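Trainee: So the sequence lines, in the order shown, correspond to chains A, B, C and D.
Residue 201 in my numbering is what sits at position 201 of the first sequence, and the numbering runs on without skipping anything.
If you want my numbering, it's the 1-based position in the second sequence plus 350.
If you want my numbering, it's the 1-based position in the third sequence plus 700.
If you want my numbering, it's the 1-based position in the fourth sequence plus 1050.
Beta carbons are placed, not taken as given, at the ideal position from N, Cα and C, and that holds for glycine.
If you're wondering where the values come from, they're calculated on a predicted model, not measured in any experiment.
Before anything else, here's the structure in question.
There are 4 protein chains.
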Amino acid sequence: LTNTNEPIGVAVVGAGYWGPNLIRNLGNHPGFELRAVCDLDLDRAHKAVGRYSTVRVTSDLDEILDDTRIGAVAVATPPSTHLPVALACLGADKHVLIEKPLAPSTADARKLVDEAEARDLVLMCDHTFCYTPAVQRIREMIRQGVIGDVQYVDSVRINLGLIQPDINVFWDLAPHDLSILDFILPDDRRPVMVAAQGADPIAAGKECVGYLTLQLDGGAIAHAHVNWLSPTKIRTTIVGGSTHMLVWDDLQTSQKLSMFDRGVDLRADSLQGETREQALISYRVGDIIAPALPEIEALHAVAGEFEASIREHRAPLTDGHAGLRVLDILERADDSLASGGVAVPVSGEL
Amino acid sequence: LTNTNEPIGVAVVGAGYWGPNLIRNLGNHPGFELRAVCDLDLDRAHKAVGRYSTVRVTSDLDEILDDTRIGAVAVATPPSTHLPVALACLGADKHVLIEKPLAPSTADARKLVDEAEARDLVLMCDHTFCYTPAVQRIREMIRQGVIGDVQYVDSVRINLGLIQPDINVFWDLAPHDLSILDFILPDDRRPVMVAAQGADPIAAGKECVGYLTLQLDGGAIAHAHVNWLSPTKIRTTIVGGSTHMLVWDDLQTSQKLSMFDRGVDLRADSLQGETREQALISYRVGDIIAPALPEIEALHAVAGEFEASIREHRAPLTDGHAGLRVLDILERADDSLASGGVAVPVSGEL
Amino acid sequence: LTNTNEPIGVAVVGAGYWGPNLIRNLGNHPGFELRAVCDLDLDRAHKAVGRYSTVRVTSDLDEILDDTRIGAVAVATPPSTHLPVALACLGADKHVLIEKPLAPSTADARKLVDEAEARDLVLMCDHTFCYTPAVQRIREMIRQGVIGDVQYVDSVRINLGLIQPDINVFWDLAPHDLSILDFILPDDRRPVMVAAQGADPIAAGKECVGYLTLQLDGGAIAHAHVNWLSPTKIRTTIVGGSTHMLVWDDLQTSQKLSMFDRGVDLRADSLQGETREQALISYRVGDIIAPALPEIEALHAVAGEFEASIREHRAPLTDGHAGLRVLDILERADDSLASGGVAVPVSGEL
Amino acid sequence: LTNTNEPIGVAVVGAGYWGPNLIRNLGNHPGFELRAVCDLDLDRAHKAVGRYSTVRVTSDLDEILDDTRIGAVAVATPPSTHLPVALACLGADKHVLIEKPLAPSTADARKLVDEAEARDLVLMCDHTFCYTPAVQRIREMIRQGVIGDVQYVDSVRINLGLIQPDINVFWDLAPHDLSILDFILPDDRRPVMVAAQGADPIAAGKECVGYLTLQLDGGAIAHAHVNWLSPTKIRTTIVGGSTHMLVWDDLQTSQKLSMFDRGVDLRADSLQGETREQALISYRVGDIIAPALPEIEALHAVAGEFEASIREHRAPLTDGHAGLRVLDILERADDSLASGGVAVPVSGEL
């Protein structure tokens, strides 16, 4: 199947919120042939493929599992069903792309990782933001030493959001920030402790406003603010490095990513025999460079990485271990919340 | 002295970073007559009044204390000297306006508050931001019930800043956010616990990046991000209320304050039998209203309140107790930092 | 055909730049059944419907004309072919939706308008921007007298753009601004004169930077800046009214439309015995209101209006006459350009 | 007087809108000693120097003229009085800095230029914006060939403004844009023709909304939009060059000046055998560089240039001829307005 240049037969399971995006991108990608869409709600599945589609629609997962022309499955069902659905797909020898979070718990996620490795199949997490041109470029800049040592990361992801029926704001929004962190940080800056503060000011029965603080290896810090109640939408990540600093504003269209020369050392020097007033004047000394970024839809790149990892018989950039690491921090954040915000160690190697 | 309409004789002690602003504003205010400027560095004092000034300049505080035509003193010396300087002024029967923080510790600050009360003198904290038109309007909106119950406050005050020689970023920047909170929050939303997370990623010997989380009475939350290392300058405060939400962006010139209709309740309703996709579409339902704000320099209003509280023989809006409450939270935040970020009770009535 | 509730059979002719958007929107709209896509380049047509489509694809226009189940045709071929293609469709008794500009000249466009009227068929111009929620709301506000008399309109539509092979920047971009103007202005504010200034600073052989000035009935003015060479993208329209003013910034996501209270009269009053300095202080006196706008794709609303005008047997909001008026101004602007920028009368009733 | 390092004695005549800024900046500048302030309204003059000033205040111009310790005068009286006041100062052998516009007409301005040259005195126009760090940098970039050949300049200066009693919006606001143009453009890009379009939609008796189009030598174009009626404040200038483009947004605080790589040539190439859709995707290809700018008040630099030109016995950067060129365009714009917007030749060498 994967040795030829034939498109890989693929199915999408789950046609709710995210499924239609997978259907559209896998359907348009030359590396795949979309063979079926499966949802328990057949009407929803029909709606997702549209009125003029030749793609098979079914409410029976076995039809997918039994179809030997289907070599890969994208799973976009509710998280609570990820384990049985993805296990069944792996058991039928199909590569699996799975919507975040990988599973509702690290224990479940570990089973998926083990099964995929036992069967030598690709298990890829759809950490979509990691495939945006901005995040790809940030990772590259950090890995190539362009901004020096990473000193802190501050991320804000707030909006008027839907109060989820089953999960709190950490589990809904923080996977984005945590998967991005996991993707961009070098190996010597892994999270070692996490502390969480949350609030449920509207009595929704779960945290609607949340703050995560991660201590990173080497003394750096990362912080994420996630919030369903903010009237203003903000999607900004700042990465402070020892020589340069990055600001990624995902809501900007013309200048999503800016790199600033760092001026703090100069500040310290200027203290010698000078007043605060004089020092303040030279606050911002460096130029800003905003690199041009290609205009590529992130899910198209997700599809490409899924195809490439299948064909090249290798782990994808965002594999099951990446998904596990994100889940581990979310679980430890729950522990921190339960204990009043005290910092809790992260499990480390996963 | 204070019963007539004569301008009140005033002196400014300390002509460093903030002093010149006090000199300019007290000098221009019709309620005061600027009689002297005092600084140990006489050159600096001369520079602060300018080359063409008739205002007396001295390096001897006693000259101020002994001048009976001086009824009030503004103190803008380094915080470590606030206690002796202000105590001397109060001891000489002069009303005192004092730059934030009121003192380096609650213990010192308490002495100032007690002395002022014992001598029936005005002790006012220069919590400048509380006198901006935006904060005045926010307080008014909250007090008048315009936005409903306060549910959360999120404040970001970040910039490439000068690394202070003697204090960390919490003590440098958070007094602004804490004094604003103290000013705008109703009495049933006082902070009850504080947790602090900080980092010193550049090995400056003190926290340069900090996060404060305050639990407020009644289940609300407040959070402040203060940061000396951010390449991008942000000065934004969000106040979430049960019926409306406010966004104050102090860097905007034409629309500093926006009030949003709240749509979260609609979100919850829309969950009945609907998909997340449909609910997401109606995310922002309400209109935005941006009230026109007068263009007044905050320090001019500070001067006006200082004058009025002296003449009307009453406590100023930001009195010594307000200063004490801010200091108490800063000290408790130090405790939290020392204990790894655990939430620490705030002292309450001060 | 049009008396029942059956979806109207529709075809799209032209699958180049804009055709795929029509295919997607007409294909998703419940009022239509997409029966065929026609393009001389069959590969392009196949690509436009996608790999999994049941929609018929053809390079032969006669197949469309002969299909009696097709009651309506959307034409998105190059402007130079609009006349023969649309005339053929009208001649086969099909309602026609046509991409802007209606035709390459008013003479051609007039033939289309006459033919549609003679055959009692709908001829609709795809003036897409008129169907955005922002423009719909602006029209409504003007018509309902919310902003008073319209005094001026200033429109900026600039970007790094593709140098079109056959038309200049006026014919490429100004149809958007002119069709919006035509849509929102009341009948007593029609353009009466047009002057055009342009430049070709890159020696492209046609104007790449252009400025249009329209004198409106009643002394008002409208101005449009269109530009292919601008590194920064701007899409802003200001509508000044006698009581309020509107700013529509199409690149904003959260606040596309803002209504400002008007303060100029206060300015005039404040001149009595006051200095300019004092007057300047009160520059902006009014509140800003940003109405919530529904999130609807404009082309979906275009499809809806096309369907409704067919079923209700009436002229669409943007009918052939609207297209004619836009073309007339473009032709008169060419005349003005040729004569060095002198203002030229607009033809008026069309 | 001017051969020593002694500060130059200076007086300010006119303490209305702009005078206080000159008083503050000349008073703070080490190159000058502020000796007197003159205004017919003595109260206004007293208010301008403040309550604690040693600077002499007078309503009698002769006191200034007769004071031999005063070597230079800054004139900030109403334009209609510029000729007699400045002529008197020059006649008393004083160097003159004069607020824009230099005079109410080119004829008057010419008299000032001739008188200053006859007496070998400095005559400097206070074209303040030319001394901002952004404009200085733009001029430098253009002169050094950084952005290639200048192809177009587009300037927007709009705001809710005071309706001036004696002049229209062109004479009030366009001097800023015209003086900047005069300053930054290379000698082979001088304006050769000007066309003006204006409107008075509020029946103020003069143009309140205005558009200027300048044809520049070599086929380039410049355009300025000036407007007293705009609810939104915009101060943006775009300079298109053959290799790079500049955007100066004076209302930004952190990124006033941005330089964009130019991508239009690539666009043209990409047309070979490709569709418009593909070409559109690669619209913006280049990086953005935002140079760090020093934080200097423009009027401080004006004072410095005034001092330097006096001491070095040379023409200032913005001399009387620059003022004349600006006035000439304003007068020609009046001619264009009177003739319905037709382009009118500019006088050229002045």
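The alpha helix (DSSP H) spanning residue 876 of chain C covers which residue range?
Mentor: Per DSSP, the unbroken alpha helix (DSSP H) holding residue 876 of chain C starts and ends at 869-884.
Trainee: Tell me, please, whether the CB atom of residue 1390 of chain D is closer than 8 Å to any CB atom in chain C?
Mentor: Interface residue, yes.
Trainee: Just grab the DSSP bridge partners of residue 915 of chain C for me.
Mentor: The bridge partners DSSP lists for residue 915 of chain C are C/893 and C/921.
Trainee: Measuring straight from C-alpha to C-alpha, what distance separates residue 243 of chain A and residue 148 of chain A?
Mentor: Rounded to the nearest angstrom, the two C-alpha atoms are 5 Å apart.
Trainee: Give every residue of the same chain whose Cβ lies closer than 8 Å to the Cβ of residue 1117 of chain D, excluding the five residues on either side of it in the sequence, and list them in chain order.
Mentor: 1059, 1061, 1085 and 1086
Trainee: My assumption, with CB atoms under 8 Å, is that residue 1162 of chain D sits in contact with residue 1152 of chain D. Please give the rounded CB distance.
Mentor: 7 Å
Trainee: Just reading off the beta strand (DSSP E) that residue 475 of chain B is part of, what are its end residues?
Mentor: 473-476
Trainee: Closer than 7 Å by beta-carbon distance: list the chain B residues that pair up with residue 1181 of chain D, in chain order.
Mentor: Those within 7 Å of residue 1181 of chain D in chain B number zero; the least Cβ separation is about 22 Å.
Trainee: Given this structure, state the Cα-to-Cα distance separating residue 854 of chain C from residue 492 of chain B, to the nearest angstrom.
Mentor: 38 Å
Trainee: Looking at chain C, which residues of the stretch 639-650 of chain B have a Cβ within less than 8 Å of any of its Cβ atoms?
Mentor: 639, 640, 641, 642 and 645
Trainee: Using 7 Å as the cut-off, classify the Cβ of residue 430 of chain B as near or not near the heavy atoms of the ligand MG, replying yes or no.
Mentor: Absence of the ligand MG is noted for the structure shown, with no ligands found whatsoever.
Trainee: Distance, Cα to Cα, residue 344 of chain A vs residue 991 of chain C?
Mentor: 45 Å
Trainee: Below 8 Å, can you find three or more Cβ-Cβ pairs linking the stretch 35-49 of chain A to the stretch 12-24 of chain A?
Mentor: yes
Trainee: Determine the DSSP secondary structure at residue 716 of chain C, reduced to helix, strand or coil.
Mentor: coil
Trainee: Just curious, the alpha helix (DSSP H) that residue 1115 of chain D is in, first and last residue?
Mentor: 1111-1116
Trainee: With DSSP as the reference, please indicate the residues paired to residue 695 of chain B in a beta bridge.
Mentor: B/543
Trainee: Going by Cα to Cα distance, which pick from B/664, B/555 and B/690 is closest to residue 193 of chain A?
Mentor: Taking residue 193 of chain A as reference, the option from B/664, B/555 and B/690 with the minimal CA-CA separation is B/690.
Trainee: Listing by chain order, which chain C residues have their CB less than 8 Å from the CB of residue 1154 of chain D?
Mentor: In chain order: nothing, as chain C lies at least about 17 Å away.
Trainee: Verify the CB distance criterion: does residue 986 of chain C have a CB-CB separation below 8 Å to chain B?
Mentor: yes
Trainee: Step through the CB atoms of chain D and report whether any lies within less than 8 Å of the CB of residue 252 of chain A.
Mentor: At a cut-off of 8 Å between C-beta atoms, residue 252 of chain A does not count as an interface residue with respect to chain D.
Trainee: Distance check for residue 1224 of chain D and residue 1214 of chain D, CA to CA, integer angstroms please.
Mentor: 14 Å
Trainee: With 9 Å as the C-beta to C-beta threshold (strictly closer), list the residues of the stretch 126-152 of chain A near chain D in chain order.
Mentor: none
Trainee: Taking the DSSP output, what are the residues bridged to residue 959 of chain C?
Mentor: C/946 and C/989
Trainee: In whole angstroms, give me the CA-to-CA distance for residue 646 of chain B and residue 1285 of chain D.
Mentor: 23 Å
Trainee: Between the C-alpha atoms of residue 61 of chain A and residue 121 of chain A, what's the straight-line distance to the nearest angstrom?
Mentor: 19 Å
Trainee: Counting beta carbon pairs with one atom in the stretch 515-522 of chain B and one in the stretch 104-119 of chain A, are three or more of them shorter than 8 Å?
Mentor: no
Trainee: So, is residue 778 of chain C buried or exposed, given that buried needs 16 or more other C-beta atoms within 10 angstroms?
Mentor: An exposed status is given to residue 778 of chain C, since fewer than 16 other beta-carbon atoms sit within 10 Å of its beta-carbon.
Trainee: Let me see if you follow: with CB-CB separation under 8 Å, is residue 750 of chain C close to chain A or not?
Mentor: yes
Trainee: Can you confirm whether residue 870 of chain C, when its beta carbon is compared against all beta carbons of chain D, has any partner nearer than 8 Å?
Mentor: no
Trainee: Are the beta-carbon atoms belonging to residue 1297 of chain D and residue 1208 of chain D less than 8 Å from one another?
Mentor: no
Trainee: So is residue 1280 of chain D in contact with chain C if we call contact Cβ pairs under 8 Å?
Mentor: Interface residue, yes.
Trainee: In the DSSP assignment, the alpha helix (DSSP H) including residue 806 of chain C goes from what residue to what residue?
Mentor: 806-818
Trainee: Taking a cut of 8 Å between CB atoms, which residues from the stretch 865-897 of chain C lie near chain D?
Mentor: 865, 895 and 897
Trainee: Name, please, each residue of chain D whose Cβ falls closer than 7 Å to the Cβ of residue 781 of chain C.
Mentor: Going along chain D, no residue has its Cβ under 7 Å from residue 781 of chain C, so there is no contact; the nearest lies around 15 Å.
Trainee: For the stretch 997-1027 of chain C, enumerate the residues whose C-beta is nearer than 7 Å to any C-beta of chain A, in chain order.
Mentor: So nothing in the stretch comes that close.
Trainee: DSSP state of residue 705 of chain C, grouped into three classes?
Mentor: coil
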